[in-house]
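Sequence order for the protein chains is W and L.
The numbering of the first sequence is this note's numbering, which starts it at 1 and goes up by one.
The numbering of the second sequence is this note's numbering, which starts it at 1 and goes up by one.
Below is one structure, written out as structure tokens, with a few remarks after it.
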Amino acid sequence: MKKKILIVDDSSYMRSLIKDSLTEAGYEIVGEAHNGEMGIDLALELKPDLITLDNILPDMIGTDVLKVIKDEEIDVKVLIISAVGQKSVIIEGMELGASEYIVKPFTPDEIVEVVNRILQ
Amino acid sequence: MFSRLNTKEGEIANDIISKGLSKAALSLEQIIQSKVELNPINVTYDKIDAIFQYTKKNDAKTHLLKTEIKGEIKGICYLVFTIDEINKIHQKCLPTKILESQSLNDMMMKGAILKEIDNMLSAAVITEFANRLKVDIYGDVPNLKVVKENTINSIIDEEAEEHECFVNFRTIMHAEELDISADFIWLMDDDFIDSIKFSVSQINV
């Protein structure tokens, strides 16, 4: 069975790039959210295996979305994908339970490799 | 001569700005898959009348991307592309199905890629500031406006005054292969000066 992935990113370009890369690699994109609140709702409803989470969203910071998801005790891996590469933010994300943190820009191969590693 | 900064502080500030802009250039290189060079890099730390502004171009309309910098240091950064440059970026980065599509979603994608580029480039500079100066700063969601080129400098002047941002640096990002020369203009408030001074006093940069 294909692993299910939810994409949370306010950029339609970035959602499309992530979706195309992961679909081609054999993953099922079950939902896309353009803000944090929608991301949380879809995570609860769709119960994906992995969420790709942008860190700067129009309504919330990605790490705050991560906190809510972890508080809800949903069994899901979270991959933060963000242009923000600050050490303190990366450490915070990992301490909150993110599986990995990718700093944009990235190549399609890079994201597939990281998702494969997280979901293997 | 840095006037508001001593020699050591000025050298460190220049180094942080230069490295941040270089990382932004590397990000742009990765996105457009084409070598990017920065020339020139202009920096001023003083409240002067003439800030480094948009270099005039021939296009009547330009795309002005603006990101507000928030947190312990505040500011604004602008990335400016001509219509011709945007077409080249779209051709290079978007799949044919989107380039040829007239659907609303795909049309929006063409603006979204520009905002994402602005997001990645500004984040590269912000990350360098945050890591070197140990400050908590971030860029807000980028804003895109199509404006006439002769209005850009007055927009920048007004916003510099309004936000009291008088630390100013600018570079032009040249991608020779694609014939792109994008202006990347930054305004920072005096917290940048204070952070440099504090960091040098702590010898932690």
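C-beta atoms are modelled at their ideal positions from N, C-alpha and C, and glycine is treated no differently.
Would you mind reading off the limits of the alpha helix (DSSP H) that contains W/MET38? 36–46
Using a Cβ-Cβ cut-off of 9 Å, state whether W/LYS104 counts as contacting chain L. yes
Per DSSP, what kind of secondary structure is L/LEU178 in: helix, strand or coil? coil
Using a Cβ cut-off of 7 Å, pull out every chain B residue sitting near W/PRO58, in sequence order please. Included in the structure are the protein chains W and L, with no chain B among them.
Let me make sure I understand the geometry here. Which of W/SER88, W/VAL89, W/GLY93 has the alpha-carbon closest to that of W/LYS70? W/GLY93
Does the segment 76–93 of chain L come close enough to the segment 128–136 of chain L that 3 or more CB-CB pairs lie under 8 Å? no
Going along the chain, which residues of the segment 11–38 of chain L sit with their C-beta nearer than 7 Å to a C-beta in chain W? SER27, GLN30, ILE31
Check this for me: beta carbons of L/PHE169 and L/ASP190, under 9 Å apart or not? no
By the 7 Å beta-carbon criterion, what residues does the segment 80–103 of chain L contribute toward chain W? none
To the nearest whole angstrom, what separates the beta carbons of L/GLY71 and L/ILE17, a pair I think is in contact under 8 Å? In fact, because the Cβ distance is near 17 Å, the residues do not count as touching under 8 Å.
Residue interval of the beta strand (DSSP E) (run including L/CYS77): 75–82
Between W/ASN55 and W/SER82, is the Cβ-Cβ spacing less than 9 Å? yes
Could you tell me whether the Cβ of W/SER12 comes closer than 9 Å to any Cβ of chain L? yes
Going along chain L, which residues have a C-beta under 7 Å from W/ALA98? Here the premise fails: no neighbours, minimum Cβ distance about 17 Å.
Check whether the Cβ of L/MET188 lies closer than 9 Å to any Cβ atom in chain W. no
So which of L/ALA60, L/PHE184, L/VAL146, L/PHE129 has the shortest CA-CA distance to L/LYS74? L/PHE129
Classify W/GLN120: buried if its beta carbon has 16 or more other beta carbons within 10 angstroms, exposed otherwise. exposed
Expressed to the nearest angstrom, what Euclidean distance is found between the alpha-carbon atoms of W/VAL115 and W/ILE29? 13 Å
Given that W/LYS87 touches chain L, what residues does it touch there, using C-beta distances under 7 Å? ASN131
Is the CB of L/ALA112 under 9 Å away from at least one CB in chain W? yes
Output yes if chain W places a C-beta closer than 9 Å to the C-beta of L/SER154; else output no. no
Selected residue, minimal CA-CA separation from L/ILE172, among L/GLU37, L/LYS23, L/GLN30: L/GLU37
Which ranges does the beta strand (DSSP E) cover as unbroken runs of at least 3 residues, wholly within the segment 10–57 of chain L, from first to last along the chain? 37–44
Cβ of L/ILE196 within 9 Å of Cβ of L/TYR78? no
Could you tell me the boundaries of the beta strand (DSSP E) in which W/THR107 lies? Segment: none, W/THR107 is in no beta strand (DSSP E) and carries neither H nor E.
Between L/LYS61 and L/ILE76, how many whole angstroms is the CB-CB distance? I'm expecting something under 8 Å. With 8 Å as the limit, L/LYS61 and L/ILE76 do not qualify as a contact, their Cβ atoms being about 21 Å apart.
Assuming contact is defined by CB atoms lying nearer than 9 Å, are L/SER181 and L/ALA24 in contact in what I supplied? no
My understanding is that L/VAL146 touches L/GLY20, with C-beta atoms under 8 Å, so please give their C-beta distance in whole angstroms. The pair is not a contact, with the Cβ atoms about 27 Å apart (cut-off 8 Å).
DSSP three-state assignment for L/ASN168, whether helix, strand or coil: strand
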